[in-house]
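Using the numbering used here, the final residue of the sequence shown is 876, and nothing's skipped along the way. Built from N, CA and C at the ideal position, the CB exists for glycine as well. Report on the structure given below.
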Amino acid sequence: GAYSLTLTLDYKDSKGVAYSEKVTVGLFVDSVEPTEYTRIVVQEFQTTPAEIYPGDNLTMEMELKNWGANAYDVQVQLTIDSQNPFVSLNPTMVFVGALESSQTAKIVYNLCVRGDANARLYALQLVISYIDVYDQPRSLTEAVSIKVHSIIDFRLLDVQPSEVIVKPGETVTIEADLLLLGTETVDFVEIEIVENLSTSPFLSIPESYEYIGRVDPDSPVLFTIQFKVDPNAASGTYTLQMRVSCWDGYNQQRKAL
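Printed below as a string of structure tokens:
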């Protein structure tokens with residue numbers, strides 16, 4: 620702002636008579652640079668569990684740190700958008716109080732994910748408000764993102780033949796329906812026989828692999844796959860393992876036995 624300064628001139632003339640005069644000088648202050656700042660940051664953030672699925676309960680924990688001058692009446696407000704599938708299980712306003720220089724404070728929220736949540740990243744907004752060392756109210760906004768994964772679970776239905784009796788050296792064909800119990804469509808689905816001679820005498824051949832492609836939930840897909848029995852296999856009961864792999868909505872490969 621604009622300020623006035625008074626300049627006083629005291630002097631004597633050649634005869635020794637003293638005089639005093641005052642002059643008013645105008646001064647304009649363009650900006651004020653404080654010598655101390657309050658700098659509050661979210662320096663750590665994590666969720667428990669680390670992988671979150673529709674319908675899950677989770678704990679969101681973060682750490683605030685004051686890298687600057689003391690702050691007072693620190694409060695954290697969690698804002699959840701109406702399009703967001705998260706619901707807070709405790710009050711969204713957390714009162715921290717005073718936060719001195721280099722001091723930290725942990726903030727914990729208990730959340731629930733709606734069961735119909737789509738698999739994607741969701742942003743949550745935090746508004747941190749406080750009083751700085753100049754007794755001025757301040758606030759800052761920080762956003763954190765939480766990744767929700769789709770539920771992917773495969774089942775085999777109507778396996779034919781239902782009871783597999785084989786001979787050493789024989790090639791066997793199995794037919795079944797692959798069912799996706801999940802929340803979203805998956806892509807690039809593959810199924811293959813797992814060869815592990817330490818636990819079973821079943822050998823993979825070129826026909827032990829089949830590419831299925833896109834699979835929708837609750838829509839069984841018929842497939843046919845073959846394997847060969849080790850000619851030196853001993854009599855007994857063994858488990859035949861199959862591996863199903865797919866790519867989820869995050870373009871990440873998921874596998875299941």
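Excluding the 5 residues preceding and the 5 following residue 866 in the sequence, name in chain order all residues of the same chain whose CB lies nearer than 6 Å to its CB.
-> Correct list, in chain order: 806, 807 and 872.
What separation, rounded to the nearest whole angstrom, lies between the Cα atoms of residue 715 and residue 747?
-> Pairing residue 715 with residue 747, the inter-Cα distance amounts to about 10 Å.
So, residue 759 versus residue 718, is the Cβ gap smaller than 8 Å?
-> No, Cβ-Cβ distance for residue 759 and residue 718 is not below 8 Å.
Which residues bound the beta strand (DSSP E) around residue 812?
-> For residue 812, the enclosing beta strand (DSSP E) covers residues 805-812.
Residue 730 beta carbon less than 8 Å from that of residue 679 | Yes, the pair counts as a contact, with Cβ atoms nearer than the cut-off.
Status (buried if at least 16 other CB within 10 Å, exposed otherwise) for residue 728 = With 16 or more Cβ atoms within 10 Å of its Cβ, residue 728 is classed as buried.
With respect to the beta strand (DSSP E) encompassing residue 784, which residues constitute its N-terminal and C-terminal limits?
-> Premise fails: residue 784 is in no beta strand (DSSP E) and is neither H nor E.
Please say whether residue 792 and residue 845 have beta carbons closer to each other than 8 Å?
-> For residue 845 and residue 792, yes; Cβs fall inside 8 Å.
Neighbourhood of residue 858 by C-beta distance below 8 Å, restricted to the same chain and skipping five residues each side | Closer than 8 Å at the Cβ level, and outside the excluded window around residue 858, lie 818 and 819.
Roughly how many angstroms separate the alpha carbons of residue 688 and residue 757, rounded to a whole number?
-> Cα-Cα distance, rounded: 13 Å.
Roughly how many angstroms lie between the CA atoms of residue 782 and residue 737, to the nearest whole one?
-> C-alpha separation (whole angstroms): 39 Å.
Smallest Cα separation from residue 834: which of 852, 850, 812 and 868?
-> Of the listed residues, the one whose Cα sits closest to residue 834 is 868.
Any idea what DSSP makes of residue 769, helix, strand or coil?
-> Residue 769: coil per DSSP, three-state reduction.
To which residues does DSSP link residue 794 through a beta bridge?
-> According to DSSP, residue pairing for residue 794 in a beta bridge involves 779 and 843.
What do you reckon, are the CB atoms on residue 863 and residue 797 nearer than 8 Å?
-> Going by C-beta atoms, residue 863 is nearer than 8 Å to residue 797.
Have a look at 768, 852 and 777 and flag the residue whose alpha-carbon is nearest the alpha-carbon of residue 870.
-> Nearest C-alpha to residue 870: 768.
In chain order, what residues of the same chain have a beta carbon less than 6 Å from the beta carbon of residue 655, not counting five sequence neighbours either side?
-> Taken in chain order, the residues that qualify are 688 and 752.
Where does the unbroken beta strand (DSSP E) through residue 824 begin, and where does it stop?
-> Counting along the chain, residue 824 falls outside any beta strand (DSSP E), and DSSP gives it neither H nor E.
Answer with buried or exposed for residue 706, where buried requires no fewer than 16 other C-beta atoms within 10 angstroms of its C-beta.
-> Flag for residue 706 reads exposed.
Under a Cβ-count criterion, where at least 16 other Cβ atoms within 10 Å of its own Cβ denotes burial, should residue 812 be classed as buried or exposed?
-> Buried.
Following the continuous beta strand (DSSP E) through residue 680, name the residue where it begins and the one where it ends.
-> From DSSP, the beta strand (DSSP E) with residue 680 extends over 676-685.
Residue interval of the beta strand (DSSP E) (run including residue 732) = The continuous beta strand (DSSP E) containing residue 732 extends over residues 723-732.
Rounded to whole angstroms, how far is the Cβ of residue 628 from the Cβ of residue 642, which I believe are closer than 8 Å?
-> About 7 Å separates the two Cβ atoms, so the contact holds.
Have a look at 856, 713, 742 and 786 and flag the residue whose alpha-carbon is nearest the alpha-carbon of residue 850.
-> Out of 856, 713, 742 and 786, the CA that lies nearest to the CA of residue 850 is found in 786.
For the beta strand (DSSP E) containing residue 750, list its first residue and its last residue.
-> Unbroken beta strand (DSSP E) run through residue 750: 740-750.
Thinking just about the alpha-carbon of each residue, which of 775, 697 and 630 is nearest to the one in residue 839?
-> Per the Cα distances, 775.
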